[in-house]
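In UniProt numbering, the protein residues as written are 1 to 877.
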RNA sequence: GCGGGCGUGGCGGAACCGGUAGACGCGCCGGACUCAAAAUCCGGUUCUGGUGACAGAGUGUCGGUUCGACUCCGACCGCCCGCACCA
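And the structure:
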């Protein structure tokens, strides 16, 4: 009598093996069905997957399996973002080689991913550290170089003087190198840049077309690109022995405030500042001080405005007699605009702070809409809004917008040194992308430096430029640079002795085109096949973490454009049509009285009657404190190992849990109770399907017309749930889809429970057959192993993974009678059960006749009755 | 500082275009089965009052629009995220 418990540990591997053997998830490029490309951001092969991966990849897998069932030819590939520093760090620590470490990690993570039961086409697997991949990346680099999309220029970097390496901003902690602890220096190095700024306007404008992206991400990208419209203004420098320069150009977005100018300020590394410093030791010292302070966030935060008067004076463009001093100021950035600004203290807080510190005063020239022009003054808070011009000569009385226009027009028409004094200019915050890294474990930049010929591209036939295997770690500096022979090669042009570029590429380059490579991953001769790219791309649904909202997604969008310009992607404009950013997996924290963090696996949590919870060590029983819920991290030990969960409960339980509870874009709290709930539900579904199988008609039995009430109700519940699950999966609202499956299971259990005699009528048997099959196929994208086992129990010898999505019949869901809630003055008082077709007159009469309505009216006359068809009745008294 | 988002039972969350607030799950309470426990099944569970039918209150706070507001508008409070000397 008792059904055997569903044994996930035994069942799941069996089905995975069958999927594998039958090639169920291999995708053919030539397939004639409509395509659907679903992609999750590929992982870094750190060695172990974590729950965040499980959540991310499960979501993608639900979509892939669902779309497959709906008749799409689905591309769902997986690969490895395999270059990067951790491999080099590991190499230093265990005296291993980055390649060995990385490929071993890939092998174990591949097994872990397979244990989740993801419907991936593993035949398309790629690893970015594979020469077969980075060979093509080098080709792309060379094509970009030929197309003028690559630049080589000097640029400031964070330099770690102990490790002899460049540090990314996030590797600088409190001004020190994260590994060496040495104080980081600002150094100028010659670096390779990809000219992303070429596409700044296009990358910004095209955001509007991405209507299946979260608004938040589009906004973050727009802010990052940071377009501003302004004016370049050249100021005439009064002749001085300090410099030969005759003019100084500034950038401003507020030419309307020109009459409020009190000074000009230039960046410490502005050429004019350097020039003046040669004859002014005080200035040289000030500049050195600014550079030492660096650009770290806290330096900026606490930074007071400091400046140094160069002694130079410039002429105000609207008044030949008016002189303005030129300061070198620590708050002016060299790499935005021209590295020089005019200071208008009344209408810019930075300028005001500076002016107040140096006693420069201020002139208000914009009067706020609600202020009196006669008395408006600025002391501590600058007014940076718009308003009406005052104290501004010919601009007086104009609005800010008019004044901007008028000032720009005048400056364009006046000229100094035969050039217009002002020029309109659109500026972007977005800088070119520096891709040089002084590291070993990355894609070599395929260039050879020759004394005679300069930087020479490696001929395409010589690609890939492979990383040498015999390298040493543990010493400071770049192993490639240190290698005795690798960098010495003849110049491809003149044949003379030359040196290879020893910088490798930023790993963000690797992930900027992998989605395109997946469409034809074994193409030996080219990075992509245009036909395959045009067929598969854009990615229909891309899923990943919000932490990549800016850089990765912007770089990939840039690459798409650069690849289009070099003929690699056909007419593709945007790489990702739909984007979804999922939340994290979080867990509460446990800490012993001694202050040690404890893994959830080492803690037993008890819930007392009434709901109070306390936690105890498994070894020793000591009580530990329960801390706040935080992102799973190794440092706080609040992690749960997917392998252990899968071993204990099975993959379907883990998949079900990460989909349930929270909306997918929000964080999900991992709890032991929740996981157990999911595990129980797996068992419950198995029992329910088993019971239904015993009561149901044989497979293939059609559902007859004119079912008795009980069977009709079952069908109604089934099709109602099916429609909702469809909508929920389409809209990625997995938590609601989960709730629908629960709800249907509850209803079907009740229907089975209501059967009294062992003789079930034919209508009910047919309805149960349909119910069981729909139920199984409905949860199959979410719990694929259980679905296969149930499908077999229902008498099928085919795979559920290959079964088409059941067709929902909307007509079945339509009710003959409707239940209308009746309100009196907006408060619900009763329900009204009526024929579907009842007209408003009949509804009104029936509503007013209700006893509860009359009682609530308390004798007041009815003013009107509002009837919203199929929705509600409101009696207004 | 600038930009964006979010505040709903004990908890995670539902609620379509302004139309029955609290679907579904977790927890808790009660019951059945059992010698007992686990597992399973059934019932209850926003708060207050009432044995009860029922009544009143209720979606961060205050106000507005509306026949009707979790939903729209305004102000405020709290939390979260991103950017941050970008002229």
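Glycine residues also receive a C-beta, built at the ideal position from the N, C-alpha and C atoms.
Taking C-beta atoms as the reference points, residue 126 and residue 514 count as a pair closer than 8 Å. Rounded to whole angstroms, the gap between the alpha carbons of residue 695 and residue 666 is 41 Å.
Residue burial is scored here from C-beta neighbours: residue 394 has fewer than 16 other C-beta atoms within 10 angstroms and is therefore classed as exposed. The UniProt domain "Methionyl/Leucyl tRNA synthetase" (38 to 172) is shown to contain whole alpha helix (DSSP H) runs of 4 or more residues at 51 to 69, 85 to 94, 98 to 115, 131 to 146, in chain order. Only residues of its own chain outside the window of five on either side were considered, and among them 646, 651 have a CB closer than 7 Å to the CB of residue 115, listed in chain order.
DSSP places residue 404 inside the alpha helix (DSSP H), whose first and last residues are 400 to 413. Proximity to residue 26 across 68, 63, 96 peaks at 68, based on C-alpha coordinates. Between residue 807 and residue 714, the beta carbon gap of about 17 Å keeps them out of contact (Cβ cut-off 8 Å).
Secondary structure note for residue 614: its beta strand (DSSP E) is the uninterrupted segment 613 to 617. Here residue 242 is buried, its C-beta having at least 16 other C-beta atoms within 10 Å.
Membership of residue 599 in any beta strand (DSSP E) is not indicated, and neither H nor E is assigned to it by DSSP.
With a contact defined as Cβ atoms closer than 8 Å, residue 644 and residue 638 miss out at about 14 Å.
Scanning the region 416 to 443 from its first residue to its last, the whole beta strand (DSSP E) runs of 3-plus residues come out as 422 to 428. With contacts defined as CB atoms closer than 8 Å, residue 43 and residue 579 fail to qualify as a contacting pair. DSSP links residue 228 through a beta bridge to 427.
By the Cβ rule, the region 149 to 165 counts as touching the region 182 to 190, because three or more pairs are nearer than 8 Å. Within its own chain, the residues whose Cβ lies closer than 7 Å to the Cβ of residue 45, once the five positions on either side in sequence are excluded, are 80, 82, 102, 105, 106, 109, listed in chain order. One alpha carbon belongs to residue 379, the other to residue 361, and they sit about 9 Å apart. Boundaries of the beta strand (DSSP E) harbouring residue 316: 307 to 316, taken from the DSSP string. Three or more pairs of CB atoms, one per stretch, sit closer than 8 Å, so the region 240 to 254 contacts the region 337 to 346. At a Cβ-Cβ threshold of 8 Å, residue 801 and residue 24 count as neighbours.
DSSP places residue 739 inside the alpha helix (DSSP H), whose first and last residues are 734 to 753. Put simply, of 311, 545, 539 the residue whose alpha carbon is nearest the alpha carbon of residue 664 is 545. Secondary structure of residue 389 (DSSP, three-state): strand. For residue 603, the CB contacts under 8 Å within the same chain, skipping 5 residues up- and downstream, are 590, 615, 616, 617, 618, 624 in chain order. Secondary structure note for residue 720: it is in no beta strand (DSSP E), and the uninterrupted alpha helix (DSSP H) holding it is 709 to 730. Ranked by Cα distance from residue 865, the options 720, 845, 852, 59 are led by 845. Bounds of the alpha helix (DSSP H) holding residue 681 are 672 to 695.
Taking C-alpha positions only, residue 821 is separated from residue 830 by approximately 6 Å. Taking a cut-off of 8 Å for Cβ pairs, the region 388 to 406 and the region 368 to 377 touch, as three or more such pairs fall below it. For residue 503, the three-state secondary structure derived from DSSP is coil.
Taking the C-beta atoms as reference points, residue 582 is found nearer than 8 Å to residue 59. The beta carbons of residue 725 and residue 717 sit no closer together than 8 Å. If the five residues before and after residue 840 are omitted, its C-beta is found closer than 6 Å to the C-beta atoms of 867, all from its own chain and listed in chain order. Beta-bridge annotation (DSSP): residue 194 is paired with 150, 433.
Annotation: residue 26 is outside any alpha helix (DSSP H) and is labelled neither H nor E by DSSP.
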